[in-house]
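2 protein chains.
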Amino acid sequence: MKNAKFRLETCLSPAIYPKHADDGNIVVVVDILRATSAICTAFHNGVKRIIPVSTVEEARKKKEEGYIVASERDGYVLDFADFGNSPFNFTAEKVRGKEIVYSTTNGTRCIHMASHSKEVVIGSFLNLTSLSEWLIRQDAPVLIFCASWKDRFSLEDTIFAGALAEKLLDSGKFETICDAVTASLDLWTLAKPNLNEYVLKAAQKGRLAEKGLDDCIEFCHRADFTSVIPIYRDGELIPVS
Amino acid sequence: MKNAKFRLETCLSPAIYPKHADDGNIVVVVDILRATSAICTAFHNGVKRIIPVSTVEEARKKKEEGYIVASERDGYVLDFADFGNSPFNFTAEKVRGKEIVYSTTNGTRCIHMASHSKEVVIGSFLNLTSLSEWLIRQDAPVLIFCASWKDRFSLEDTIFAGALAEKLLDSGKFETICDAVTASLDLWTLAKPNLNEYVLKAAQKGRLAEKGLDDCIEFCHRADFTSVIPIYRDGELIPVS
Numbered sequence: 001m002k003n004a005k006f007r008l009e010t011c012l013s014p015a016i017y018p019k020h021a022d023d024g025n026i027v028v029v030v031d032i033l034r035a036t037s038a039i040c041t042a043f044h045n046g047v048k049r050i051i052p053v054s055t056v057e058e059a060r061k062k063k064e065e066g067y068i069v070a071s072e073r074d075g076y077v078l079d080f081a082d083f084g085n086s087p088f089n090f091t092a093e094k095v096r097g098k099e100i101v102y103s104t105t106n107g108t109r110c111i112h113m114a115s116h117s118k119e120v121v122i123g124s125f126l127n128l129t130s131l132s133e134w135l136i137r138q139d140a141p142v143l144i145f146c147a148s149w150k151d152r153f154s155l156e157d158t159i160f161a162g163a164l165a166e167k168l169l170d171s172g173k174f175e176t177i178c179d180a181v182t183a184s185l186d187l188w189t190l191a192k193p194n195l196n197e198y199v200l201k202a203a204q205k206g207r208l209a210e211k212g213l214d215d216c217i218e219f220c221h222r223a224d225f226t227s228v229i230p231i232y233r234d235g236e237l238i239p240v241s
Numbered sequence: 001m002k003n004a005k006f007r008l009e010t011c012l013s014p015a016i017y018p019k020h021a022d023d024g025n026i027v028v029v030v031d032i033l034r035a036t037s038a039i040c041t042a043f044h045n046g047v048k049r050i051i052p053v054s055t056v057e058e059a060r061k062k063k064e065e066g067y068i069v070a071s072e073r074d075g076y077v078l079d080f081a082d083f084g085n086s087p088f089n090f091t092a093e094k095v096r097g098k099e100i101v102y103s104t105t106n107g108t109r110c111i112h113m114a115s116h117s118k119e120v121v122i123g124s125f126l127n128l129t130s131l132s133e134w135l136i137r138q139d140a141p142v143l144i145f146c147a148s149w150k151d152r153f154s155l156e157d158t159i160f161a162g163a164l165a166e167k168l169l170d171s172g173k174f175e176t177i178c179d180a181v182t183a184s185l186d187l188w189t190l191a192k193p194n195l196n197e198y199v200l201k202a203a204q205k206g207r208l209a210e211k212g213l214d215d216c217i218e219f220c221h222r223a224d225f226t227s228v229i230p231i232y233r234d235g236e237l238i239p240v241s
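Encoded structure:
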C-alpha cells in the first residue's frame, strides 16, 4: 500500500495566516532579509540560544537583565544594543556559547502566531537542504510561512518558499492543492538560474539599498551555508539536536 | 518635462487590503472565477445595473422586493433565486434592460472594502483591453485587488493582475515598487502562451470541477470578449458611460 502523503501549504503574509493555521502543522518561518538568515548564521557560529522579541522595549529590558542584544530599527543599531540585525554581526567571536536576544518585528510575530503548531522551525537559503531533509523525516504536514514585509507580499520570501517546496514535493512525501505553493514553485524556477539578479527586482532591495543595508543580500541567498535547524521551544530558539 | 508616473500596486488577498488602501486609488476588483467575469458578461448583454450583495439573506430580501436575483452557495442555485452565478446565466434574453441582484461573498466584500477609494471598477479577462485603456486615461494611482478565495492567494486572479499590469506599465504612465506586481507579471508571462492549461493548475479548478462548475473556466480566461467597464456608484454597478 502506498503511504499517504502529507499536506504542503504556503502562507504569503501574516495577514493570511489564520486561514492556514493548524495545530498539526510543522511551520517553517521565513524572513530572508534578514531575520531568519541572521538566526541561521548565529547557530552556525555556535550561539547557544536566541530569544526573539518583537519590541524595542522588550529588547531594552533584556539588555538590562544582562543579555547580549541585537536590535535595530529602520537600519540603525539602537543605542543600548550590542549590534544590529545583519547576519554579518553574528560572528563566532561574538556569539559562540552565548544567549542572544534578537529583536525583529515581523519574524517574532510570525513565530508567536505559529507557536500553537506541532513545531516551529526557522528556514532560509542558508539551511535549505538540511531543513528539507529534516522536514521529510517528520511525518507531518508542513506550512511555509513567509514573514513578508508589513503584511505585504515579499518576493524573496516567496522564492525561498518555492525552493523548499521543490525539495519537499520531489521527495514524494508531500502533496499540495495550494495556489501559493504553485506560484512559488514557478517563481523559483524563473529565479533559480540567476538568483541574485532576480532578487534585485524585489522592492525590499530598494528599501535596503536606500538605507545602505544591501550588503547582505547576496549572502542571504546562498544555499546550504550551514546544516543547522533552529527550532522554537518555550520562548527560545535552540538548534535541533 | 516628463510627466510624473502613477503608482501601480497589486493586493493579493482581502486580508492584506488595509496595507494598500488609499482614498486616491482607482481600485480594480478581480474575481475571475466567477464574480467579475459574470458581471462583465451581464453588462455586455445589456443589464441596466447590478446590485452586489454579500449574504443569502440580503439576496432573499431583494427577491421579495421584486428584483431578479442570481444567487448560489457551494454550487447550488438557491431555491428563491432566478438563476445561479455562472457567466453563462447572464444571457441577453434574461438580463437586457434589467436590474439584477448578484450574490457573491468575496466579490461584494472587496467592492465594499474599496468603496472609500476614488473609483471602484470591475476587471476580468473579458474586458482586459478596454479596462486598461480606460485606466490609462484616468490620471490616478491604480490598485489591482484580487478577491482570491477565502482570503487565500488565488492563481487565476494573480495571473489576470499580471496581464493588466503589463498593459498599464507598457503605457509608460505607471510605475511600481510592489513585489506583488513583479510576481504577477512573471506568472502572467509564464501562463500567457497556454493560459487555459496553466490555469488548470489552480486549486480553484479542483474545487470547481468537484462541483461540476468548471464549464466556464475557458470562457473566463477569454480576453476582450467585451468593452464594457462596470463601475461602482451608490451601492450599484453601472456601465462607465
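The listed protein sequences correspond, in order, to chains W and P. Each residue of the first sequence is one higher than the one before, starting from 1 at the first, in the UniProt record's numbering. Each residue of the second sequence is one higher than the one before, starting from 1 at the first, in the UniProt record's numbering. Ideal Cβ placement from N, Cα and C applies to all residues, glycine included.
- For Ala59 (chain W), there is no enclosing beta strand (DSSP E); the enclosing alpha helix (DSSP H) covers residues Val56 to Glu64.
- No Cβ of chain W is located within less than 7 Å of the beta carbon of Arg34 (chain P).
- Going by DSSP, Gly123 (chain W) is part of the beta strand (DSSP E) stretching over Glu119 to Gly123.
- In this structure, Val101 (chain P) lies away from Ile32 (chain P), with their beta-carbon atoms at least 7 Å apart.
- Beyond the five residues adjoining it in sequence on each side, Asp157 (chain P) comes within less than 7 Å, by CB distance, of Val30, Asp31, Ile32, Cys146, Ala147 and Ser148 in the same chain, given in chain order.
- Straight across, the Cα-Cα distance linking Asn89 (chain P) with Lys48 (chain P) is about 16 Å.
- Not a single C-beta of chain W is nearer than 7 Å to the C-beta of Leu169 (chain P).
- Non-local beta-carbon contacts of Arg109 (chain P) in its own chain, meaning distances under 8 Å to residues more than five positions away in sequence, involve Pro14, Ser54 and Ala147 in chain order.
- Close partners of Ser154 (chain W) in chain P (Cβ separation under 7 Å): Asp179.
- Within chain P, Asp186 and Leu190 have C-beta atoms less than 8 Å from the C-beta of Leu190 (chain W), given in sequence order.
- Ile51 (chain P) carries a strand assignment under DSSP once its states are collapsed to helix, strand and coil.
- Three or more pairs of CB atoms, one per stretch, sit closer than 8 Å, so the segment 223-231 of chain P contacts the segment 127-145 of chain P.
- A check of alpha carbon separations from Glu166 (chain P) across P:Val181, P:Leu126, P:Glu99 and P:Ala81 identifies P:Val181 as the nearest.
- Cα atoms of His44 (chain P) and Ala38 (chain P): separation of roughly 10 Å, rounded to the nearest angstrom.
- Interface criterion met: the Cβ of Ala202 (chain P) is under 7 Å from a Cβ in chain W.
- Under the three-state reduction of DSSP output, Ile32 (chain P) falls in the coil class, being neither helix nor strand.
- DSSP places Phe145 (chain P) in the uninterrupted beta strand (DSSP E) bounded by Val142 to Cys146.
- With respect to the C-alpha of Asn194 (chain W), the residue from W:Leu135, W:Ser171, W:Lys173 and W:Ile159 having the closest C-alpha is W:Ile159.
- Nearest C-alpha to Thr36 (chain P) among P:Ile217, P:Ser184 and P:Gly172: P:Ile217.
- Here Phe88 (chain P) carries a helix assignment [DSSP, helix/strand/coil].
- Chain P has a Cβ within less than 7 Å of the Cβ of Thr182 (chain W).
- Arg233 (chain P) and Glu175 (chain P) have their C-alpha atoms spaced approximately 28 Å apart.
- Non-local beta-carbon contacts of Leu168 (chain W) in its own chain, meaning distances under 8 Å to residues more than five positions away in sequence, involve Leu8, Ser132, Leu135, Ile136, Val142 and Phe174 in chain order.
- Counting only residues of its own chain and dropping the five nearest sequence neighbours on each side, Lys201 (chain P) has no CB closer than 6 Å to any other CB.
- Under DSSP, Cys11 (chain P) shares a beta bridge with P:Phe145.
- Its Cα nearest to that of Ser115 (chain P), the residue P:Gly235 stands out among P:Pro239, P:Gly235, P:Val240 and P:Glu72.
- Distance from Thr10 (chain W) to Ala161 (chain W) at the Cβ level is roughly 5 Å; contact confirmed, criterion being Cβ atoms closer than 8 Å.
- Not flagged as an interface residue toward chain W: Lys61 (chain P), since no C-beta distance is shorter than 7 Å.
- Per DSSP, Leu169 (chain P) is one residue of the alpha helix (DSSP H) stretching across Leu155 to Asp170.
- A buried status is given to Ala191 (chain P), since no fewer than 16 other beta-carbon atoms sit within 10 Å of its beta-carbon.
- The CB of Ser13 (chain W) comes closer than 8 Å to the CB of Leu12, Ser13, Ala15 and Ile16 in chain P, given here in chain order.
- The beta-carbon of Asp151 (chain W) is placed less than 7 Å from the nearest beta-carbon of chain P.
- Sixteen is the threshold: when 16 or more other Cβ atoms of the shown chains lie within 10 Å of the Cβ of Arg152 (chain P), as they do, the residue is buried.
- Around the beta carbon of Asp179 (chain W), a 10 Å sphere encloses 16 or more other beta carbons of the protein chains shown; the residue is thus reported as buried.
- In the DSSP assignment, Leu237 (chain P) falls within the unbroken beta strand (DSSP E) covering Glu236 to Pro239.
- The C-beta distance from Leu78 (chain P) to Val95 (chain P) rounds to 18 Å, too long to fall under 8 Å, and the pair is not in contact.
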